[in-house]
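Take a look at the structure below.
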Amino acid sequence: SAAVVGEVEEKREIFDVEKARSLVKELQGVFNSGRTKSYEWRISQLNSISKMLDEKEKDITSALYKDLSKPEIEAFVSEISTAKASCKHALEELSSWMVPEKVQTSISTYPSSAEIVTEPLGVVLVISTWNFPFLLSIDPVIGAISAGNAVVLKPSEIAPVTSKLLAKLLDEYLDNSAIRVVEGAIPETTALLDQKWDKILYTGSAKVARIVMAAAAKHLTPVILELGGKCPAVVNSDINLQVASRRIIAGKWALNNGQACIGVDYIITTKEFAPKLIDSLVNEIEKCYGKNPLESKDKARIVSSSHFGRLVKLIDEDKVSDKIVYGGQRDENQLLIAPTIILNPPEDSEIMKDEIFGPIMPILTVDTIEDSFGVIKSRPKPLVAYLFTNNEQLKKSYVKNISSGGMLVNDTVLHLTVKGLPFGGVGESGMGSYHGKFSFDGFSHKKAVMYRSFDGDAPIRYPPYTPEKAKL
Ligand code: NAD
Numbered sequence: 064s065a066a067v068v069g070e071v072e073e074k075r076e077i078f079d080v081e082k083a084r085s086l087v088k089e090l091q092g093v094f095n096s097g098r099t100k101s102y103e104w105r106i107s108q109l110n111s112i113s114k115m116l117d118e119k120e121k122d123i124t125s126a127l128y129k130d131l132s133k134p135e136i137e138a139f140v141s142e143i144s145t146a147k148a149s150c151k152h153a154l155e156e157l158s159s160w161m162v163p164e165k166v167q168t169s170i171s172t173y174p175s176s177a178e179i180v181t182e183p184l185g186v187v188l189v190i191s192t193w194n195f196p197f198l199l200s201i202d203p204v205i206g207a208i209s210a211g212n213a214v215v216l217k218p219s220e221i222a223p224v225t226s227k228l229l230a231k232l233l234d235e236y237l238d239n240s241a242i243r244v245v246e247g248a249i250p251e252t253t254a255l256l257d258q259k260w261d262k263i264l265y266t267g268s269a270k271v272a273r274i275v276m277a278a279a280a281k282h283l284t285p286v287i288l289e290l291g292g293k294c295p296a297v298v299n300s301d302i303n304l305q306v307a308s309r310r311i312i313a314g315k316w317a318l319n320n321g322q323a324c325i326g327v328d329y330i331i332t333t334k335e336f337a338p339k340l341i342d343s344l345v346n347e348i349e350k351c352y353g354k355n356p357l358e359s360k361d362k363a364r365i366v367s368s369s370h371f372g373r374l375v376k377l378i379d380e381d382k383v384s385d386k387i388v389y390g391g392q393r394d395e396n397q398l399l400i401a402p403t404i405i406l407n408p409p410e411d412s413e414i415m416k417d418e419i420f421g422p423i424m425p426i427l428t429v430d431t432i433e434d435s436f437g438v439i440k441s442r443p444k445p446l447v448a449y450l451f452t453n454n455e456q457l458k459k460s461y462v463k464n465i466s467s468g469g470m471l472v473n474d475t476v477l478h479l480t481v482k483g484l485p486f487g488g489v490g491e492s493g494m495g496s497y498h499g500k501f502s503f504d505g506f507s508h509k510k511a512v513m514y515r516s517f518d519g520d521a522p523i524r525y526p527p528y529t530p531e532k533a534k535l
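Using the UniProt record's numbering, the letters of the sequence shown correspond one by one to residues 64 to 535.
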């Protein structure tokens, strides 16, 4: 339909600054008409998303397969069902989220009352990424709609089939006078970023986040930045080794084949325990993917040949290749790399510099488990810090000493499903948060409102400031 900007057929028409400007102007008009503010509008759009998720499940799974070879069950669990849960939660809670919060006033303002009124910000922009290209697009949109905003979504060009499907489905199911999709890459995003938005939620790399934030600063636009980094998992010896190993697999290889912001990037354990942990990981990996993991159909592929090349370079680096204790096989045609474990890659190796975002697991060893704290603290603050232990003292000390976006003890990934927890980073892993009520709040303004009557008029507020008044 002509209302969807940038559908593939319309790509010949370049989405430039002029188009971006007129799109924002149009949406501002719709927002200012008050259309998106009503509870009914928000609920009707959320209901339509819910319907879309039910009716188009197959199309979504198939797009995710085309973009990432994502296994159907993985696609359902990690993207579709999470989106459904988010939408259902917003539908159930929206009326209570929208109720103004009464606040006590003081004797000096008597008689008066006060409340915090939550209002939408206006026209907001969501820029999304390719690794969970459906969920990470629709979930912020659910938040923006819940809060009563008009919204433009810019999905990732690196997952083109999902991007095209989002453009088609959102146009088909939602009110396209207020909710739009702009497909495209850097030029289109740059044109969008040139505009004045009322909020931008960006998911992606810290490098591009700097571009987004600089563009936003020109208009004093607030941002939520959902970034990544190297998420550590500290593994103590006092654990259920088999369960811990399986859960580490779930947070690395079974999560988009390691291409996940909340995936375990590397493990820290003691020198003494490392051999046992490696044995157990290998054992469990082979139970999941067999002896020849490149043949397993149960994992996503590396998204592109450039990412494949980047990952292969990491394991082929001279000072790293002789530290591979498991895996290392690759198949360039299928864009697959076997689950790979590297023991103690040097601190200055490429693999220990940036987020890996692939199926390679470095294991760093330390003398005592407490030494892991120093390793984590010497690096940028991660999006998630994982810990495996039964030691209560160690848990407490980890929570107290390690700063990270989120934390999960004795499992991976699942903290994401707790509706009451905010999801977001700190420092280099991002700023602001979303999910559930945090999405609603993130796309809202908390307006301070006070009500007075004409009673209680204190003379001291008005000149002349006589000594008599000061005594009152
Ligand atoms: P990316 O920053 O390259 O791309 C993300 C988006 O930015 C895309 O929509 C892309 O079109 C746009 N973009 C790219 N270059 C741009 C430019 N120069 N100007 C304007 N826009 C531009 O990120 P990526 O490589 O797709 O994503 C990987 C990163 O995202 C990892 O660091 C990962 O940890 C992080 N991530 C974070 C979360 C989270 O929720 N915190 C989720 C998934 C991924």
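Every residue gets a Cβ at the ideal spot worked out from N, C-alpha and C, and that includes glycine. Here the structure is a predicted model, which means the values were calculated and not measured.
ASN407 has its CB no nearer than 7 Å to any heavy atom of the ligand NAD. As the crow flies, the alpha-carbon of ASP79 is around 33 Å from that of PHE486. Annotation: the continuous alpha helix (DSSP H) that includes ARG273 extends over 269 to 281. The beta carbon of LYS217 lies closer than 8 Å to those of LEU188, VAL189, ILE190, SER191, VAL244, VAL245, GLU246, GLY247, GLU251, THR252 and LEU255 in the same chain, with the five residues before and after it left out. For ALA146, the CB stays at least 7 Å from every heavy atom of the ligand NAD. Per DSSP, PHE139 lies in no alpha helix (DSSP H) and is assigned neither H nor E. Taking 8 Å as the cut-off, the Cβ atoms of SER435 and VAL297 count as close. Pairing ASP301 with LEU427, the inter-Cα distance amounts to about 18 Å.
For PHE197, the shortest C-beta to heavy atom distance toward the ligand NAD is 7 Å or greater.
Nearest neighbour of SER111 by Cα position, chosen from ALA279, LEU131 and ILE205, turns out to be ILE205. Counting along the chain, the unbroken beta strand (DSSP E) around GLU164 starts and ends at 164 to 166. Collapsing the DSSP output to three states places PRO425 in a strand. With a cut-off of 7 Å, the C-beta of TRP193 is classified as near the ligand NAD, since at least one heavy atom of the ligand falls inside that distance. Ranked by how close their Cα comes to the Cα of ILE439, the residues MET494, GLY421, ASN464 and ALA278 have ASN464 in first place. Straight through space, the alpha carbons of LEU446 and HIS478 are spaced by roughly 12 Å.
Here the alpha carbon of ILE341 sits roughly 8 Å from the alpha carbon of ILE404. Apart from sequence neighbours up to five positions away, the residues of its chain that approach ASP122 with a beta-carbon distance below 8 Å are LEU228 and LEU232, ordered along the chain. Residue pairing from DSSP leaves ARG98 without any beta-bridge partner. Secondary-structure assignment with DSSP links LEU471 through a beta bridge to TYR449.
In the DSSP assignment, LYS458 is bridged to no other residue. Under the three-state reduction of DSSP output, ASP379 falls in the helix class.
Burial check for THR145: the Cβ neighbour count within 10 Å reaches 16 or more, so the residue is buried.
Burial check for SER516: the Cβ neighbour count within 10 Å stays below 16, so the residue is exposed. LYS509 has its alpha-carbon roughly 36 Å from the corresponding atom of LYS119.
Between the region 167 to 187 and the region 307 to 320, the count of Cβ pairs shorter than 8 Å is below three; the stretches do not touch.
When DSSP states are grouped into helix, strand and coil, VAL481 belongs to the coil group. Contact between ASN320 and ILE365 holds, since their C-beta atoms are separated by about 7 Å, short of 8 Å.
VAL93 has its CB no nearer than 7 Å to any heavy atom of the ligand NAD. The C-beta separation of PRO183 from SER507 comes to about 6 Å, placing the pair in contact by the 8 Å criterion. Secondary structure in the region 482 to 510: the alpha helix (DSSP H) runs of 4 residues or longer, each lying completely within the stretch, are 500 to 505 in chain order. Between the beta-carbon of LEU406 and that of VAL388 there is about 5 Å, and that keeps the pair under the 8 Å contact cut.
Under the DSSP assignment, PRO183 falls in the beta strand (DSSP E) whose first and last residues are 175 to 183. GLY469 has its alpha-carbon roughly 13 Å from the corresponding atom of VAL327. The Cβ atoms of SER368 and LEU399 do not sit closer than 8 Å to each other. ILE312 and GLU347 do touch by the CB rule: their CB atoms are close to 6 Å apart, below 8 Å. For ILE387, the secondary structure class from DSSP, reduced to helix, strand or coil, is strand.
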